[in-house]
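The block underneath contains the structure these notes are about, expressed in structure tokens.
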Amino acid sequence: MKAALTTTAALSLAIASLSPLAAHAGAGFDVVTLGARGGIEDGNLSAFMIAPAGDPRAVTCDAGALVNGLRVADAKGAFDQVKVPADSSYTRIGYVLTEQIKGYLITHAHMDHLAGLVIASPDDSNKPIYALASVNERIQRNYFNWEAWPNFGMGGKEPPLKKYEMRNLPVGEKTALEGTAMQVTAFPLSHSGVESTAFLIDSGDDALLCFGDTGPDAVEQTTRIKDVWGAVAERVKQKQLRGIIVEVSYTNAQPDKFLFGHLTPNHLLAALKDLESMAGPGSLKDMPVVISHIKYSLKKGELPQETILRELQAGNTPQVRFIVPEQGQNWQF
Numbered sequence: 008m009k010a011a012l013t014t015t016a017a018l019s020l021a022i023a024s025l026s027p028l029a030a031h032a033g034a035g036f037d038v039v040t041l042g043a044r045g046g047i048e049d050g051n052l053s054a055f056m057i058a059p060a061g062d063p064r065a066v067t068c069d070a071g072a073l074v075n076g077l078r079v080a081d082a083k084g085a086f087d088q089v090k091v092p093a094d095s096s097y098t099r100i101g102y103v104l105t106e107q108i109k110g111y112l113i114t115h116a117h118m119d120h121l122a123g124l125v126i127a128s129p130d131d132s133n134k135p136i137y138a139l140a141s142v143n144e145r146i147q148r149n150y151f152n153w154e155a156w157p158n159f160g161m162g163g164k165e166p167p168l169k170k171y172e173m174r175n176l177p178v179g180e181k182t183a184l185e186g187t188a189m190q191v192t193a194f195p196l197s198h199s200g201v202e203s204t205a206f207l208i209d210s211g212d213d214a215l216l217c218f219g220d221t222g223p224d225a226v227e228q229t230t231r232i233k234d235v236w237g238a239v240a241e242r243v244k245q246k247q248l249r250g251i252i253v254e255v256s257y258t259n260a261q262p263d264k265f266l267f268g269h270l271t272p273n274h275l276l277a278a279l280k281d282l283e284s285m286a287g288p289g290s291l292k293d294m295p296v297v298i299s300h301i302k303y304s305l306k307k308g309e310l311p312q313e314t315i316l317r318e319l320q321a322g323n324t325p326q327v328r329f330i331v332p333e334q335g336q337n338w339q340f
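The sequence shown begins at 8 in our numbering and counts up by one.
Below you can see the structure in the form of structure tokens.
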């Protein structure tokens, strides 16, 4: 039996399936991929810049890449509509970082989700870091401690430089994102013994769901993913969930005992079928599902993103629109 989409051709089609946006007012979200990969590719680690369509006031979901991601996105035209005021001392990249990104949603405190934020912090502007309490505690303790890095937090080891206010998000409660027209609701995920997060971002009636690293419920012995589905199923029914950003770190060849709190195509497909069963048959048809955190490989052969996309397409009975992003690409969902 022939797969409908294969390897490089499939990857190219999935990437091209949503055209790069031109910023304009309208429903949905503008999303810029600042970091597309998980694991070892420094400079291209998990980060998505998210704003209501046509509204420049953004946050990021994770910040593994920041300045490098902005540079790549700018070179690809993602910020062509940004007008830097004549009296500003910033380049366009500097202006987007300091003026348009109003805060950071951090799913968990692993370095590949934080490196860009930490490295950019000396030249960044004051803004909040939104996270679950356990995540903010680790960021303050492990990074902003005058040992790993200067203390750009509000507390911790003296003297705090007070650039980033750590705002602890209550589980399951909507919180306004300061300086933006968006709100966020945080849901805990299980990531091999570490608390991670799924963020439901709201703009008016529209919503976008961004997952941090997560293992399958069956492997992690939790109901964390199913709990997120329960919270968003009605939004899916109402066609208000505009898309899902979710990790698939490994191909199906990875044994469950070596997932270390991550997903494979088969595990994601099983989870999406659970969501469809809650929201109703056909409810996920054509929904954009952006595949994040694919591990970069140093080995010869087919690229992991090609294998993962092929495996996802082979079992895509919910008929979602799988997208494997590359750094710097932008879409409107």
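From the three backbone atoms N, C-alpha and C, an ideal C-beta is built for every residue, glycine too.
Whole beta strand (DSSP E) elements within the segment 190-236, 3-residue minimum:
190-198, 201-210 and 213-218
Identify which residue in 179, 257 and 119 has its Cα closest to the Cα of residue 313.
257
Cut-off 8 Å between Cβ atoms - residues of its own chain near residue 270, not counting five sequence neighbours on either side
Excluding its 5 nearest sequence neighbours in each direction, residue 270 has C-beta neighbours in its own chain below 8 Å: 221, 222, 223, 253, 254, 255, 256, 257 and 278, listed in chain order.
How many Å lie between residue 173 and residue 307 at the Cα?
42 Å
Would you give the residue range spanned by the alpha helix (DSSP H) that residue 76 belongs to?
It spans 74-82 - the alpha helix (DSSP H) in which residue 76 sits, taken as one unbroken run.
Using 8 Å as the limit for Cβ to Cβ distance, is residue 333 near chain C?
Looking at the structure shown, chain C is missing, and only one protein chain is on hand.
Among the candidates 87, 263, 140 and 160, whose CA atom is the shortest distance from the CA of residue 203?
140
For residue 284, does the three-state DSSP call read helix, strand or coil?
Note: residue 284 maps to helix in three-state DSSP.
Enumerate in chain order the residues of its own chain whose CB-to-CB distance from residue 294 is below 6 Å, with the five nearest sequence positions on each side excluded.
In its chain, beyond the 5 residues on either side, 327 have a beta carbon closer than 6 Å to the beta carbon of residue 294.
One or two residues paired with residue 339 in a DSSP bridge
37
Check whether residue 249 and residue 213 have beta carbons under 8 Å apart
Taking 8 Å as the Cβ cut-off, residue 249 and residue 213 qualify as a contacting pair.
For residue 114 and residue 147, the rounded distance between their alpha carbons
14 Å
Candidates 241, 47, 142 and 110: which alpha carbon is nearest residue 186's?
110
Just how far apart, CA to CA, sit residue 40 and residue 112?
Answer to the nearest angstrom: the Cα atoms are 15 Å apart.
Distance between beta carbons of residue 322 and residue 276, contact taken as under 8 Å:
That belief holds up - the Cβ atoms of residue 276 and residue 322 are roughly 4 Å apart, short of 8 Å.
DSSP state of residue 64 mapped onto helix, strand, coil:
Residue state for residue 64 is assigned as coil, using DSSP reduced to three classes.
Measuring CA to CA, which of 64, 68, 168 and 237 is closest to residue 215?
68
Using a 10 Å radius around the Cβ and a threshold of 16 neighbouring Cβ atoms, would you call residue 165 buried or exposed?
exposed
Assigned secondary structure, residue 134 (DSSP; H/G/I helix, E/B strand, else coil):
strand
In the structure shown, what three-state DSSP assignment does residue 92 receive?
Residue state, collapsed to three classes: coil.
How is residue 102 classed by DSSP in three states: helix, strand or coil?
helix
Would residue 349 pass as a contact of residue 197 if the rule is Cβ separation under 8 Å?
Lying before the first or after the last residue shown, residue 349 is absent from the chain, which here runs from 8 to 340.
Alpha carbon to alpha carbon, how far is residue 107 from residue 133?
The alpha-carbon of residue 107 is positioned some 12 Å away from that of residue 133.
Determine the contact status of residue 37 and residue 54, defining contact as a CB-CB distance below 8 Å.
no
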